[in-house]
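So the structure is just underneath, and the comments pick up after that.
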Amino acid sequence: MIETSSGPRRIGVMFDRSRPPEELADFARAVEELGADDLWVVEDLRWAGSIASAATALAATRSLRVGIGIAPAPLRNPALLAMEVGTLARLYPGRVVSGLGHGVIDWMREAGALVPNRLDLLAETAAALRALLHGEEVTVQGKAIRLDGVRLVHPPEQPPPVVLGVIGPRSLEISGRIADGTLVVEGRGPRELPGIRALIDKGRGARKDDAGPDPSRPSAPAHEVIVLTHLILEADPAAARAAQAPIRAEFSGFLNVPEHEVFLASGDAATVASQVGALWEAGADTVVLRPVGETPLDHFARAVAALRG
Numbered sequence: 671m672i673e674t675s676s677g678p679r680r681i682g683v684m685f686d687r688s689r690p691p692e693e694l695a696d697f698a699r700a701v702e703e704l705g706a707d708d709l710w711v712v713e714d715l716r717w718a719g720s721i722a723s724a725a726t727a728l729a730a731t732r733s734l735r736v737g738i739g740i741a742p743a744p745l746r747n748p749a750l751l752a753m754e755v756g757t758l759a760r761l762y763p764g765r766v767v768s769g770l771g772h773g774v775i776d777w778m779r780e781a782g783a784l785v786p787n788r789l790d791l792l793a794e795t796a797a798a799l800r801a802l803l804h805g806e807e808v809t810v811q812g813k814a815i816r817l818d819g820v821r822l823v824h825p826p827e828q829p830p831p832v833v834l835g836v837i838g839p840r841s842l843e844i845s846g847r848i849a850d851g852t853l854v855v856e857g858r859g860p861r862e863l864p865g866i867r868a869l870i871d872k873g874r875g876a877r878k879d880d881a882g883p884d885p886s887r888p889s890a891p892a893h894e895v896i897v898l899t900h901l902i903l904e905a906d907p908a909a910a911r912a913a914q915a916p917i918r919a920e921f922s923g924f925l926n927v928p929e930h931e932v933f934l935a936s937g938d939a940a941t942v943a944s945q946v947g948a949l950w951e952a953g954a955d956t957v958v959l960r961p962v963g964e965t966p967l968d969h970f971a972r973a974v975a976a977l978r979g
């Protein structure tokens, strides 16, 4: 944890999809030693599978929380996903976060998994997954999924949080209504976080789904906002701009915003620490850094040292 003026906040790091899977165990051990609270693994089509990656990172470490960021609902039957995540949560209690999302449209089309009712599918899958992980028997005759009396034989004693990696307003409301947290995609910065929080809170205030958390109860846990952001540790402005350029171009199209509005943590260590601090102050509970370049451990180490001051 990093102490801030608003209280302790979590700091994490992403194992980038560009890295070969055989590097993951050593990477996980190294970032744990460097003081990371979280390690997030990726499930993007054609790259490594998230469940296998999460299991590898958990087995290699002692206390690191490992997040799945994110499993696409069109490719993941909720009963099977609950079996996989539930097994990890029993083996490594309190150390797993199950991330779920719509799936990138082009990738879902390539995999033959594109569905017309993406919002319904995500909401129903998330609600069913969360209920199954809490040991409930689940029957759903929904618009997108069908389950008939499914229950885990070995549900986890500490159900892992289910978080949704979503972007649009309606999806953010669904996340607030059903999930335990929201994963905010790279490129969104302090300026956008209050609006994102407001949409999540709107969902939390709505009538709860039968399988979702009840925001009206005082005992309901807080909804964790986890923000991903690229990390470019580069003191030279020209070199930093060159490293930023392809990222700004990619995420400008993905988020449908001008390139200059794509947020990154970029600059020298002190500047990066200030930018991460701004994310925490704007409403992030956890910031997950995605180091850019060939020396991710060095960049993460320097960033954490600056954050600890």
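Residue numbers (my numbering): 671 to 979.
Each residue gets a CB set at the ideal place from its N, CA and C atoms; glycine is no exception.
Beta-bridge partners of R978, as assigned by DSSP
Here the question's residue 978 lines up with position 308 in the sequence shown. For R978, which the question treats as bridged, DSSP gives no partner whatsoever.
Measure the CB-CB distance between L834 and I815 and report whether it falls below 8 Å.
Translated into the one-based positions of the sequence shown, residue 834 becomes position 164. Translated into the one-based positions of the sequence shown, residue 815 becomes position 145. No, they are not a contact pair.
Three-state secondary structure assigned by DSSP to P763
The residue given as residue 763 occupies position 93 in the sequence shown. It is coil, neither helix nor strand.
G947 by DSSP, collapsed to three states: which one?
For the purposes of this step, residue 947 is taken as residue 277 along the sequence shown, with counting starting at 1. If DSSP states are grouped into helix, strand and coil, G947 belongs with the helices.
Can you have a look at E964 and say buried or exposed, based on whether 16 or more other CB atoms are within 10 angstroms of its CB?
As a working mapping, residue 964 is identified with position 294 in the sequence shown. Label assigned to E964: exposed.
Helix, strand or coil for W717? Go by DSSP, reduced to three states.
Stepping through the sequence shown from its first residue, residue 717 is reached at position 47. Looking at W717 - three-state DSSP - the assignment turns out to be coil, as it is neither helix nor strand.
P826 versus Y762: straight-line alpha-carbon distance, rounded:
On the sequence shown, residue 826 is found 156 positions in, with the first residue counted as 1. On the sequence shown, residue 762 is found 92 positions in, with the first residue counted as 1. Using only the alpha carbons, I get a separation of about 10 Å.
Enumerate in chain order the residues of its own chain whose CB-to-CB distance from A718 is below 6 Å, with the five nearest sequence positions on each side excluded.
The residue given as residue 718 occupies position 48 in the sequence shown. So the qualifying residues of the chain are P691.
3 or more residues per run - each beta strand (DSSP E) lying fully within the stretch 724-748
735-742
How big is the Cα-Cα spacing for V785 and A868?
Position 115 of the sequence shown, counted from the start, is the residue given in the question as residue 785. Position 198 of the sequence shown, counted from the start, is the residue given in the question as residue 868. Those two C-alpha atoms are separated by around 28 Å.
Go to Q914, then tell me how far its alpha helix (DSSP H) extends in each direction, as first and last residue.
If you number the sequence shown from 1, residue 914 lands on position 244. Per DSSP, Q914 belongs to the alpha helix (DSSP H) from P907 to L925.
Going by the beta-carbon positions, is the gap between A727 and V711 smaller than 8 Å?
Here residue 727 is taken as the residue at index 57 of the sequence shown, counted from 1. Here residue 711 is taken as the residue at index 41 of the sequence shown, counted from 1. Yes, the pair counts as a contact, with Cβ atoms nearer than the cut-off.
So, L802 versus L770, is the Cβ gap smaller than 8 Å?
Walking along the sequence shown from the start, residue 802 turns up at place 132. Walking along the sequence shown from the start, residue 770 turns up at place 100. For L802 and L770, no; Cβs fall outside 8 Å.
Buried or exposed, going by whether 16 or more other CB atoms sit within 10 Å of the CB of D776?
Counting from one through the sequence shown, the residue named residue 776 turns up at place 106. Label assigned to D776: exposed.
Are the Cβ atoms of A910 and I848 separated by less than 8 Å?
Position 240 of the sequence shown holds residue 910. Position 178 of the sequence shown holds residue 848. No, the pair does not count as a contact, with Cβ atoms beyond the cut-off.
Which residues bound the beta strand (DSSP E) around R874?
Sequence index remark: in the sequence shown, residue 874 carries index 204 (1-based). That residue, R874, is in no beta strand (DSSP E); its alpha helix (DSSP H) goes L863 to G875.
Determine the direct distance from the alpha carbon of A973 to that of A940, and round the result to whole angstroms.
The count along the sequence shown starts at 1 and reaches residue 940 at position 270. The count along the sequence shown starts at 1 and reaches residue 973 at position 303. So the two alpha carbons sit approximately 8 Å from each other.
Between which residues of its own chain and A905 is the CB-CB distance below 6 Å, once the five residues before and five after are set aside?
For the purposes of this step, residue 905 is taken as the residue at position 235 of the sequence shown. So the list reads D938, once near-sequence residues are dropped.
Anyone know if the C-beta pair for L898 and V855 falls short of 8 Å?
Taking the first residue of the sequence shown as position 1, residue 898 is located at position 228. Taking the first residue of the sequence shown as position 1, residue 855 is located at position 185. Taking 8 Å as the Cβ cut-off, L898 and V855 qualify as a contacting pair.
Would you list the one or two residues that DSSP bridges to I672?
Taking the sequence shown and counting its residues from 1, the one referred to as residue 672 is at position 2. Paired residues: R679.
How far does the alpha helix (DSSP H) with S936 in it reach, from first residue to last?
For the purposes of this step, residue 936 is identified with residue 266 of the sequence shown, where counting begins at 1. That residue, S936, is in no alpha helix (DSSP H); its beta strand (DSSP E) goes A935 to G937.
Span separating the alpha-carbon of A724 from that of R760
Reading the sequence shown from its first residue, position 54 is the one you call residue 724. Reading the sequence shown from its first residue, position 90 is the one you call residue 760. A724 and R760: Cα-Cα distance of roughly 13 Å.
Work out the CA separation of L934 and V766 for me, nearest whole Å.
Translated into positions along the sequence shown, residue 766 becomes position 96. Translated into positions along the sequence shown, residue 934 becomes position 264. Their backbone Cα atoms lie some 26 Å apart in a straight line.
Top-ranked residue by Cα proximity to S936, from H969, E951 and D955:
On the sequence shown, residue 936 is found 266 positions in, with the first residue counted as 1. Taking only the C-alpha atoms, the option nearest S936 is H969.
Proximity to A919 [Cα-Cα], best of E929, R874, L925 and A913:
Here the question's residue 919 lines up with position 249 in the sequence shown. It is E929 whose Cα lies nearest to the Cα of A919.
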